[in-house]
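> One structure, pasted below without further comment.
And the structure:
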């Protein structure tokens, strides 16, 4: 052991020499090993030695080399063990159970144009990975950016090494190549690939040479490419979701394959049905962006608050325009971005505006406005009605004030009768279930 190693390496070396994977040890034993029995003076400053050891343990935990079994206090006192690493795994051993895979395995059967063939445990020498496919410039699963995530690979490796392979989750998928592909790697090893990965890039990178998966077929190449994108659409089960960039690329590829027409409503429907969680809060804007990348400008530009603020800054050079959090505006902030069209929400918006005007009556306010689109909008804006709707929305203030006046007048005249509130029981431990409160 030289003095050029890091504290993390020093701690890990001593632990690996003393303990086997899975053997429990305590924090005090780590202190004794590294600060007494195998101390390297240059690594420790004599003042914060134990703190340095604890920081090294935290880094080892982040690297998934050790596991904290118990934290008794904030200072990390507790019990630990080393985790099994790839070096202790026999990669040639087929540890997977085909019967369990056939019994519990799931695949994305709702992915359009794809059919299930069979469950299989294939040798990786027959399966072309995402990494090899990229080298050969073959698309197998649409990922615009990063496709492999080492932390995920490490996590699954640990689970499998502990005998915890999850047969009930959605499994990797491969399809049969039309013709076998011959490949020779940098070490001169030759492969004949019969299958290609469509979903499960990270699981393919596990250290074992066997690959549990489902074999699927598609009505065309696009359906098979799309399978991976749909399989990685964000859900609670996913570890590394596909990104908006992945989805955008997949839809634009669909244009090339003649799968979709370049129409806003069509793209919105595709996003809703196939990529439901991807930019769902600004789906219409996302669809317009996809068409814009195709050189198509939608007839009615969709906006939300963030986009409105960006346009004001980039195009109109107006900085510091507030969003809908009008209640947080101070005396010097007199402009905001706001959308109109969902009438039930107009009262809430005007309440905020009126409150601010009452707070700072000397101010003149500017509302940078846009017409809302989509679900909940009373009248969808178009090129034909845009002027009419803008006039109508500006008149909403007058309509709401008139309504307030009618309410106040009725209250003053005594014709606005009080509401008889009857509260349903909710506090189960102290309220009777059959009595109003």
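In this note's numbering, the protein residues as written are -12 to 424. The beta-carbon is built from N, C-alpha and C at its ideal position, and this holds for glycine as well. Computed from a predicted structure; not experimentally measured.
Determine which residues share a DSSP beta bridge with residue 202 and list them.
105 and 161
> Enumerated in chain order, which unbroken segments of the alpha helix (DSSP H) with a length of 4 residues or greater are wholly contained in the stretch 281 to 354?
For the stretch 281 to 354, whole alpha helix (DSSP H) runs of length 4 or above, ordered along the chain, are 292 to 301 and 333 to 346.
> Tell me where the beta strand (DSSP E) around residue 177 begins and ends.
177 to 186
> Near residue 409, which residues of its chain fall below 7 Å by C-beta distance, leaving aside the five closest residues on each side in sequence?
423
> List the DSSP bridge partners of residue 356.
DSSP, once it has assigned bridges, lists 325 as partnering residue 356.
> Can you tell me whether residue 239 is helix, strand or coil according to DSSP?
helix
> Any chance the stretch 109 to 119 sits against the stretch 44 to 54, with 3 or more Cβ pairs inside 8 Å?
no
> Are the stretch 165 to 174 and the stretch 204 to 218 in contact at 8 Å, needing three or more beta carbon pairs?
They do not touch, by the three-pair rule.
> Between the alpha carbons of residue 63 and residue -8, how many angstroms are there, rounded?
Interpretation of residue 63 is limited by its pLDDT of 45, a score under 50 that renders its predicted location unreliable; no figure is taken from the coordinates.
> Count the other CB atoms within 10 Å of the CB of residue 286; is the residue buried (16 or more) or exposed (fewer)?
exposed
> When we look at the beta-carbon of residue 59 and count the other beta-carbons within 10 Å, is it buried (16 or more) or exposed?
Here residue 59 scores only 42 on pLDDT, less than 50, and its place in the model should not be relied on; the value that follows carries that caveat. So residue 59 counts as exposed.
> Looking at the structure shown, is residue 63 part of a helix, part of a strand, or coil, going by DSSP?
Note on residue 63: pLDDT 45, under 50, position unreliable in the model; no value is reported.
> Kindly indicate which residue of 156, 161, 97 and 179 has the alpha-carbon position closest to the one of residue 112.
179
> Would you tell me roughly how many angstroms separate the C-alpha atoms of residue 383 and residue 304, rounded to the nearest one?
C-alpha of residue 383 to C-alpha of residue 304: approximately 28 Å in a straight line.
> Quick check: the Cα distance between residue 312 and residue 19, rounded to an integer number of angstroms?
56 Å
> Output the distance between the C-alpha atoms of residue 353 and residue 264, rounded to the nearest integer angstrom.
Residue 353 and residue 264: Cα-Cα distance of roughly 34 Å.
> Taking three-plus beta-carbon pairs below 8 Å as touching, is the stretch 294 to 310 in contact with the stretch 344 to 360?
Pairwise C-beta distances place the stretch 294 to 310 in contact with the stretch 344 to 360, as three or more of them are shorter than 8 Å.
> Report the rounded CA-to-CA distance for residue 188 versus residue 159, giving the unit in angstroms.
8 Å
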